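Please read the structure below before turning to the comments.
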Amino acid sequence: MEVPCLRERFTAAKGQGAFLNGTRLKVSEVPDVSSALLATGFPYIRNEVSRNNVDNFSRLVLMCHDMRRWGVASVDLAYVAAGRLDGYWELYLKPWDVAAGALLVREAGGLITDFSGGGDWLFGENCVATNGRLHAELLGLLSGTEPGYKPWGREFEARIRGA
Numbered sequence: 011m012e013v014p015c016l017r018e019r020f021t022a023a024k025g026q027g028a029f030l031n032g033t034r035l036k037v038s039e040v041p042d043v044s045s046a047l048l049a050t051g052f053p054y055i056r057n058e059v060s061r062n063n064v065d066n067f068s069r070l071v072l073m074c075h076d077m078r079r080w081g082v083a084s085v086d087l088a089y090v091a092a093g094r095l096d097g098y099w100e101l102y103l104k105p106w107d108v109a110a111g112a113l114l115v116r117e118a119g120g121l122i123t124d125f126s127g128g129g130d131w132l133f134g135e136n137c138v139a140t141n142g143r144l145h146a147e148l149l150g151l152l153s154g155t156e157p158g159y160k161p162w163g164r165e166f167e168a169r170i171r172g173a
């Protein structure tokens, strides 16, 4: 994954680590949300759904050390992997928004889950990525997608799996 304007190239391979311009990455060691630098984003459908992440942002911006909004999920995830951010969450994402960044986070020692703490972050359209130390605390503070919302990612998942 590249950030050309900053001349940054993030790379990872399963079981081989994550790197920024050839230097191995490691997630931060920040222990809790109150000390954390967090990031999030807002869905393009934010005016169509009542759970649009504004409630999460409003609550967490007052609880954490500080908050950032880069606007690119893959960069947010890469920055968690690099230890520049301690945690990131977002709703209504697509697989191509998170796949590469999730590998970076995992290979740098971090954790990525869906909002329920499970493994449905790729096609479930919501994810939480952290250094692992503050993951449970952050999960407990987040509200998820609309009840009954059918993720678009399910249709995509079925197509690529041939179901």
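Taking the working numbering, I'd label the letters of the sequence shown as residues 11 to 173.
We put the beta carbon where it would ideally sit given N, CA and C, even for glycine.
A quick note: this is a predicted structure, and the numbers were derived from the prediction, not measured.
Thr50 is classed as buried because its beta carbon has at least 16 other beta carbons within 10 Å across all chains shown. Ala22 is a Cβ neighbour of Leu113, given a cutoff of 7 Å. Per DSSP, Arg19 is one residue of the beta strand (DSSP E) stretching across Glu18 to Ala23. Taking Cys137 as reference, the option from Ala46, Gly93 and Trp99 with the minimal CA-CA separation is Trp99. Nearest neighbour of Leu72 by Cα position, chosen from Leu48, Asn31 and Leu132, turns out to be Leu48. In the DSSP secondary-structure assignment, Ala28 is bridged to Ala22. DSSP, read as helix, strand or coil, puts Trp80 in coil. In the three-state reduction of the DSSP assignment, Cys74 falls in the coil class. Leu132 and Val108 have their alpha carbons spaced roughly 7 Å apart. The straight-line gap separating the alpha-carbon atoms of Phe67 and Asp96 is approximately 15 Å. Of the other Cβ atoms in all chains shown, fewer than 16 fall within 10 Å of the Cβ of Ala146; this residue is therefore exposed. Between Leu103 and Ala83, the CB-CB gap stays under 7 Å. In the three-state reduction of the DSSP assignment, Trp106 falls in the helix class, which pools H, G and I.
By a beta-carbon distance limit of 8 Å, Asn62 contacts Arg56. Their separation comes to about 4 Å.
When the five nearest sequence neighbours on each side are left out, the beta carbons in the same chain lying within less than 8 Å of the beta carbon of Arg17 are those of Asn31, in order along the chain.
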